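**Student:** First, the structure itself, so that you have it in front of you.
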Amino acid sequence: MISIIRLSVVLVYAIVTCDSLTPGIGNSRNELAAGSSKISRRSFVIGSGALIGCSLPANAEYVRSGNDYSYSFTPPESMKESTKPLKTHLDETNFISSELKGYQYGVTVDPVRINSISEFGTAGEVAARVVTAEVNRDGVFDVTLVKDPIVEESSGSYILNYLSKGKRGDKRFICKICIAKKRLYVLTAQVKEENYVDMEKELMQVVDTFRVN
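Pasting the structure below:
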């Protein structure tokens, strides 16, 4: 199973690794060590460790914030939060379905030197860079942008929908990407291609709930 966090590394690399932006990524681990984060629901705040491996209440809004970032979205009820020992981003979190294998969501945050994703390129240019980076990964045979990129004017976000075929199967990805206050936010949804038609409505509804606060 392809890790959402590993995929997000590809997205970050595709979007911000150019000569003028690369130094910003190098600061992420230092900023992570210096910063603090909190996770909350609409009515209460709890520590991040308490949520690991726990299902979310129905229609619960997941809110995560640190010293210089904040975002929220509403994962499906079947999702359980997971984590990994070594973080490679300023902030990252991952939700895995307890009911459908291969269905998951991930969010990463990284420092960059620009204030909006449009400063880097158009939605089409960003999509092309992401697809190129993904197809060059080990074990990936082909990557196809299934739908034209969506520009969400209200948030300044780009939404990409693409299919990745590889030795571990065919995976559909939907990514919502934005930059705010020199922080790159990437929400990535993943599901097996064979389940995409049944899950498309839910995927798009969840992606639509993602907000940078």
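Note that my numbering has the sequence shown beginning at 8, numbered continuously upward.
The beta-carbon is built from N, C-alpha and C at its ideal position, and this holds for glycine as well.
All values reported here derive from a predicted model rather than from experimental measurement.
Pull up the DSSP beta-bridge partners for residue 177, would you.
**Tutor:** Against the sequence shown, residue 177 aligns to sequence position 170. Paired residues: 172.
**Student:** Enumerated in chain order, which unbroken segments of the beta strand (DSSP E) with a length of 3 residues or greater are wholly contained in the stretch 106-183?
**Tutor:** Listed in chain order, they are 111-118, 147-152, 157-159, 164-173.
**Student:** I want to know whether the stretch 133-140 touches the stretch 97-113 - three or more CB-CB distances under 8 Å.
**Tutor:** No, because fewer than three Cβ pairs between the stretch 133-140 and the stretch 97-113 fall closer than 8 Å, the two stretches do not touch.
**Student:** Report all residues from its chain with a CB closer than 8 Å to the CB of residue 79; omit the five preceding and five following residues, and keep chain order.
**Tutor:** Counting from 1 along the sequence shown, the entry for residue 79 is found at position 72. The residues are 68, 69, 70, 71, 216, 217, 218, 220.
**Student:** Tell me the rounded alpha-carbon separation between residue 201 and residue 163.
**Tutor:** Position 194 of the sequence shown holds residue 201. Position 156 of the sequence shown holds residue 163. Looking at the two C-alpha atoms, the distance is approximately 31 Å.
**Student:** Mapping the DSSP letters down to three states, classify residue 29 as helix, strand or coil.
**Tutor:** Position 22 of the sequence shown, counted from the first residue, corresponds to residue 29. With a pLDDT of 33 at residue 29, under the threshold of 50, the modelled position of this residue cannot be trusted; read the value that follows with caution. Helix at residue 29.
**Student:** For residue 187, list the residues DSSP reports as bridge partners.
**Tutor:** Against the sequence shown, residue 187 aligns to sequence position 180. Answer is 190, bridged to residue 187.
**Student:** Should residue 172 and residue 149 be called a contact, given that it needs their Cβ atoms to be closer than 7 Å?
**Tutor:** Taking the sequence shown and counting its residues from 1, the one referred to as residue 172 is at position 165. Taking the sequence shown and counting its residues from 1, the one referred to as residue 149 is at position 142. For residue 172 and residue 149, yes; Cβs fall inside 7 Å.
**Student:** DSSP on residue 203, reduced to helix/strand/coil?
**Tutor:** Locating residue 203 in the sequence shown gives position 196, where the first residue counts as 1. Reduced to three states, the DSSP call for residue 203 is helix.
**Student:** Cα-Cα, which of 107, 82, 199 is closest to residue 213?
**Tutor:** Counting from 1 along the sequence shown, the entry for residue 213 is found at position 206. With distances taken between Cα atoms, residue 213 lies closest to 82.
**Student:** Residue 196: which of 98, 118, 209 sits nearest, CA to CA?
**Tutor:** Here residue 196 refers to the residue found at position 189 when the sequence shown is read from its first residue. Cα-wise, what sits closest to residue 196 is 209.
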